[in-house]
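S.K.: Quick one: the structure is below, and I'll ask about it shortly.
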Amino acid sequence: MCSAGAISALLFPLIHSLYSTASPSMLKRKQSSRVEAQPMTDFGPDETLADSADIFWINKPWVHSLLRACAIISVISVCMNTPKTFEHYPPLQYVTFTLDTLLMFLYTAEMIAKMHIRGIIKGDNSYVKDRWCMFDGFMVFFIWVSLVLQVFEIAELVDQMSPWGMLRIPRALIMIRAFRIYFRFELPRSRITNILKRSGEQIWSVSIFLLFFLLLYGILGVQMFGTFNHHCVTNDTQRG
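The sequence shown runs contiguously to residue 240 in the UniProt record's numbering.
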């Protein structure tokens, strides 16, 4: 009994010292594995607003649904905003102007609210540091540009067939707002980074390949067919 007590008295400090030295590293490994196991979900600015912030109207679900519907309306407005459409249906010019005005006020109010909640520059979750927020900000800018351009066109200060109309083209990208709620990635951040690094070269190669053929067929089409304004008719064709 004495020998067993002596052995236990000798082994207890040794086991305690081993446990005390090994436990911090083991705890760190457990914590790191838990952090790595937690999925990283990329929801975009509509779902990543701080829960601790005061309840603003921008946080309400019906507002998110309204903004997504307005994104689709904005794309429809851009599609209608063409000189030929206004030539056949003149009232549509004022319809698109009214829609763009309402969308401009709504999205500008949303942008100001997000800047108030997140902050503009300071902070890790500021408006400028969030890529989805920057995308929304650029869309608001192009809506403003389109609206000002349409005012000049209605006042006949700018011709409707002028090249300035190309400034409306980026507005079509606002359609992404209606579907970005489905762009979710439940993967660890390190795994997403590795996937992007591995697939980046393949995406670049395919993009160059596609661009080459688009330019090739575009040049061939212009050289072979030109503007294609003339059509073959017979001598006995009656003018309409």
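By construction, the Cβ of each residue, glycine as well, lies at the ideal position given by its N, Cα and C atoms.
1. Alpha helix (DSSP H) containing Trp144: first to last residue?
2. Relative to the alpha-carbon of Arg118, which residue among Ala109, Thr101, Asp130, Thr108 has its alpha-carbon at the smallest distance?
3. Under DSSP, the alpha helix (DSSP H) around Asp236 begins and ends at which residues?
4. Please work out which residues of its chain come closer than 8 Å, Cβ to Cβ, to Ile58, disregarding the five sequence neighbours upstream and downstream, and give them in chain order.
5. Asn235: buried (16+ other C-beta within 10 angstroms of its C-beta) or exposed?
6. Between Val63, Ala71, Glu153, which lies nearest to Gln93 when the distance is taken from Cα to Cα?
7. Are the beta-carbon atoms belonging to Met161 and Pro83 less than 7 Å from one another?
8. Looking only at its chain, what residues have a beta carbon closer than 7 Å to the beta carbon of Ile169, apart from the 5 residues adjacent to it on each side?
9. Would you give the residue range spanned by the alpha helix (DSSP H) that Ala69 belongs to?
10. Under the rule that 16 or more other beta-carbon atoms within 10 Å means buried, what is Asp100, buried or exposed?
11. Decide if Gln150 is buried, meaning its Cβ has at least 16 other Cβ atoms within 10 Å, or exposed.
12. If we call anything under 7 Å between Cβ atoms a contact, is Arg177 one with Ala71?
M.R.: Let's see:
1. Position 144 of the sequence shown, counting from 1, holds the residue named residue 144. 131-154 is the span of the alpha helix (DSSP H), which, as asked, contains Trp144.
2. On the sequence shown, position 118 is the one that residue 118 refers to. That would be Asp130, whose Cα lies nearest to the Cα of Arg118.
3. Within the sequence shown, residue 236 is the residue found at index 236, counting from 1. Unbroken run through Asp236: none, as it is neither H nor E.
4. In the sequence shown, counting from the first residue as 1, residue 58 sits at position 58. The residues are Leu49, Glu110, Ala113, Lys114, Ile117.
5. On the sequence shown, residue 235 is found 235 positions in, with the first residue counted as 1. So Asn235 counts as exposed.
6. Locating residue 93 in the sequence shown gives position 93, counting from the first residue. Shortest Cα-Cα distance from Gln93 to any of Val63, Ala71, Glu153 involves Glu153.
7. Position 161 of the sequence shown holds residue 161. Position 83 of the sequence shown holds residue 83. Going by C-beta atoms, Met161 is nearer than 7 Å to Pro83.
8. As a first step, residue 169 is located in the sequence shown; it is residue number 169 there, counting from the start. None.
9. Position 69 of the sequence shown, counting from 1, holds the residue named residue 69. Where Ala69 is concerned, the enclosing alpha helix (DSSP H) stretches over 61-80.
10. Taking the sequence shown and counting its residues from 1, the one referred to as residue 100 is at position 100. With 16 or more Cβ atoms within 10 Å of its Cβ, Asp100 is classed as buried.
11. The sequence position of residue 150 within the sequence shown is 150, counting from 1. Buried: at least 16 other Cβ atoms inside 10 Å.
12. Here residue 177 corresponds to residue number 177 of the sequence shown, with the count starting at 1. Here residue 71 corresponds to residue number 71 of the sequence shown, with the count starting at 1. In contact: Arg177 and Ala71 (Cβ atoms closer than 7 Å).
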